[in-house]
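Going by numbering that gives the first Met the number 0, the residue at position 269 of the sequence shown is 268; the numbering climbs one at a time, nothing skipped. Ideal Cβ placement from N, Cα and C applies to all residues, glycine included. Note that the coordinates shown come from a computational prediction; the quantities given were computed from them, not determined experimentally.
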Amino acid sequence: MQTGITQAPFGQLPDGTPITQFTLTNARGMVAKIIDFGGIITELHAPDRNGKLADVVLGFDTLEPYRGDSPYFGALIGRYGNRIGKGRFMLDGREVQLPVNNGNNHLHGGPQGFHKVKWHATVEGGSLRLAYRSMDGEEGYPGNLDVTVIYTLNEDNELVVRFHAVTDAPTPVNLTQHSYFNLAGKGDILGHELVIDADAFVAIDAESIPTGELTPVTGTPFDFRMPRPIGERIGQPDKQLRHGLGYDHNFVLNKPNGKSMTRAARVVEPESGRVLELWTEEPGVQFYSGNFLDGSLEGKGQSYEHRTGFCLEPQHFPDSPNNPSFPNVILRPGQVYETESRFRFAVEE
Numbered sequence: 000m001q002t003g004i005t006q007a008p009f010g011q012l013p014d015g016t017p018i019t020q021f022t023l024t025n026a027r028g029m030v031a032k033i034i035d036f037g038g039i040i041t042e043l044h045a046p047d048r049n050g051k052l053a054d055v056v057l058g059f060d061t062l063e064p065y066r067g068d069s070p071y072f073g074a075l076i077g078r079y080g081n082r083i084g085k086g087r088f089m090l091d092g093r094e095v096q097l098p099v100n101n102g103n104n105h106l107h108g109g110p111q112g113f114h115k116v117k118w119h120a121t122v123e124g125g126s127l128r129l130a131y132r133s134m135d136g137e138e139g140y141p142g143n144l145d146v147t148v149i150y151t152l153n154e155d156n157e158l159v160v161r162f163h164a165v166t167d168a169p170t171p172v173n174l175t176q177h178s179y180f181n182l183a184g185k186g187d188i189l190g191h192e193l194v195i196d197a198d199a200f201v202a203i204d205a206e207s208i209p210t211g212e213l214t215p216v217t218g219t220p221f222d223f224r225m226p227r228p229i230g231e232r233i234g235q236p237d238k239q240l241r242h243g244l245g246y247d248h249n250f251v252l253n254k255p256n257g258k259s260m261t262r263a264a265r266v267v268e269p270e271s272g273r274v275l276e277l278w279t280e281e282p283g284v285q286f287y288s289g290n291f292l293d294g295s296l297e298g299k300g301q302s303y304e305h306r307t308g309f310c311l312e313p314q315h316f317p318d319s320p321n322n323p324s325f326p327n328v329i330l331r332p333g334q335v336y337e338t339e340s341r342f343r344f345a346v347e348e
């Protein structure tokens with residue numbers, strides 16, 4: 000078995016620009032495939048309790064569906080992950096207006112966010128380095144933002160994602176990774192057992208914009224402090240579940256030491272025994288239960304039906320530029336944005 004990083008063509012953009020797929024393989028047989036368009040994780044093969052590999056992320060076989068109206072499968076998200084209400088906020092006394100691409104609101108950096116651009120890729124040892132300059136005014140954001148993302152598949156079966164960014168003008172920055180997981184490799188995700196280390200979540204209105212309230216999870220369908228199947232309470236008559244059409248909420252992680260790396264979530268798929276843990280320095284994680292998947296998308300030999308994938312997006316809180324009480328997301332010249340998350344795979348006997 001060849002370890003390290005290999006590369007192969009993965010189609011081209013309409014102007015002829017070639018897109019490359021990079022395959023990262025570790026000595027334990029785990030495989031991650033990533034393209035330099037959108038920094039997208041197209042495949043992620045992890046072993047079950049018998050050592051059998053399966054692809055545990057949703058995605059496509061070719062480039063074209065990723066260029067289309069894909070629901071951010073596997074993509075890097077920026078400049079701002081999640082929603083900004085009405086795409087509008089005040090920054091140092093002036094109003095900034097971003098494009099609205101999710102009803103009345105701005106979502107995931109806009110229609111041509113980081114998920115729809117070609118990144119400059121280089122292989123550095125056992126890591127894939129992706130770099131992109133987001134120009135002043137791109138998708139309405141102020142300032143030139145230089146972003147670097149480093150993917151590493153280590154020998155502990157962790158896919159490590161490190162973000163780095165600097166700017167020449169104040170701008171909101173909230174970068175994340177948007178893979179959809181299914182640890183069985185097929186079927187729905189409702190039987191996956193989930194833990195999220197959060198005592199509260201960010202309440203949302205009917206447009207999925209935060210109300211500003213941090214709601215305790217106690218006594219609600221959002222209490223995942225002990226393992227619960229994702230589908231156990233997803234249909235309960237709860238206003239927040241109605242607003243999100245299921246789970247589509249930012250959980251406020253218990254972070255006793257501020258920015259320290261902590262375990263945000265743990266997911267077990269009982270039949271295969273596959274386990275995914277998310278470790279992150281971020282203050283929040285968006286848990287999304289694949290509510291908008293409807294069978295209209297197909298890839299890698301299957302149809303992506305309702306709730307056949309879930310997302311755990313490490314991030315700052317949605318709509319933070321309009322909520323001064325939320326952790327700060329404004330990056331200023333001279334500051335460095337740095338954050339790391341780890342997607343750790345294991346098995347449970």
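Item to complete: Could you check if Ser295 is buried or exposed, using at least 16 other CB atoms within 10 Å of its CB as the buried criterion?
Response: Label assigned to Ser295: exposed.
Worksheet item: Is Lys32 helix, strand or coil by DSSP?
Response: In the three-state reduction of the DSSP assignment, Lys32 falls in the strand class.
Item to complete: Answer with buried or exposed for Gly37, where buried requires no fewer than 16 other C-beta atoms within 10 angstroms of its C-beta.
Response: Per the 10 Å Cβ criterion, buried.
Worksheet item: If we ignore side chains and look at the alpha-carbon of each, how far apart do Ser340 and Val165 end up?
Response: C-alpha of Ser340 to C-alpha of Val165: approximately 19 angstroms in a straight line.
Worksheet item: When DSSP labels each residue in this structure, what does Tyr336 get in the three-state scheme?
Response: In the structure shown, Tyr336 sits in a strand (DSSP, three-state: E or B).
Discussion item. Using the Cβ count rule (16 or more neighbours within 10 Å means buried), how would you classify Met134?
Written reply: Classification of Met134: exposed, given that the 10 Å Cβ count is below 16.
Worksheet item: If you count every other CB in all the chains shown that lies within 10 Å of the CB of Pro282, and 16 or more means buried, which is it?
Response: Taking all protein chains in view, the Cβ of Pro282 is crowded by 16 or more other Cβ atoms within 10 Å, so the residue is classified as buried.
Worksheet item: If you draw a straight line from the alpha carbon of Ser126 to that of Glu304, how long is it in whole angstroms?
Response: Distance between the alpha carbons of Ser126 and Glu304: 33 angstroms.
Practice prompt. Determine the contact status of Ile233 and Leu193, defining contact as a CB-CB distance below 8 angstroms.
Written response: With a cutoff of 8 angstroms on beta-carbon distance, Ile233 and Leu193 are scored as not near each other.
Fill in: Contained beta strand (DSSP E) runs [length at least 3] in the region 183-208, N- to C-terminal order
Qualifying beta strand (DSSP E) stretches, in chain order: 192-195 and 197-203.
Practice prompt. For Gly143, collect the residues of the same chain with a Cβ closer than 8 angstroms to its Cβ; drop the 5 residues on either side in sequence, then sort them by chain order.
Written response: In the sequence under discussion, the amino acid at residue 143 is Asn, which differs from the Gly named in the question. Once the five neighbours on either side are set aside, the close Cβ partners of Asn143 are Arg132, Ser133, Met134, Asp135, Thr166, Asp167 and Ala168.
Worksheet item: Hey, Tyr179 and Leu57: beta-carbon distance below 8 angstroms or not?
Response: Using a Cβ distance threshold of 8 angstroms, Tyr179 and Leu57 count as a contacting pair.
Worksheet entry | Option nearest His242 by Cα separation, candidates Val216, Cys310 and Glu206 | Ranking the options by Cα distance to His242, first place goes to Glu206.
Worksheet item: Is it right to say Arg82 is buried, meaning 16 or more other beta carbons lie within 10 angstroms of its own, or is it exposed?
Response: Burial state of Arg82 is buried, judged by a 10 Å Cβ sphere holding 16 or more other Cβ atoms.
Worksheet item: Anyone know if the C-beta pair for Ala202 and Leu252 falls short of 8 angstroms?
Response: 8 angstroms or more divides the Cβ of Ala202 from the Cβ of Leu252.
Worksheet entry | Start and end residues, alpha helix (DSSP H) containing His114 | Neither: His114 is in no alpha helix (DSSP H) and is coded neither H nor E.
Worksheet entry | Host beta strand (DSSP E) of Pro8 (start-end) | Judged by DSSP secondary structure, Pro8 falls within the beta strand (DSSP E) whose first and last residues are Gly3 to Gln11.
Discussion item. Can you tell me where the alpha helix (DSSP H) holding Pro64 begins and where it ends?
Written reply: Note, Pro64: alpha helix (DSSP H), Glu63 to Arg66.
Worksheet entry | Contact set for Gly308: own chain, Cβ-Cβ below 7 angstroms, skip 5 residues either direction | Correct list, in chain order: Leu57, Tyr179, Phe180, Asn181, Ile188, Gly289 and Leu292.
Item to complete: Could you name the residues of the same chain whose beta carbon sits closer than 6 angstroms to that of Asp47, not counting the 5 residues immediately before and after it, in chain order?
Response: The residues are Ser271, Gly272 and Arg273.
Discussion item. Strictly under 8 angstroms for the Cβ-Cβ distance: is Glu270 near chain B by that measure?
Written reply: Among the chains in the structure shown there is no chain B, since it carries only a single protein chain.
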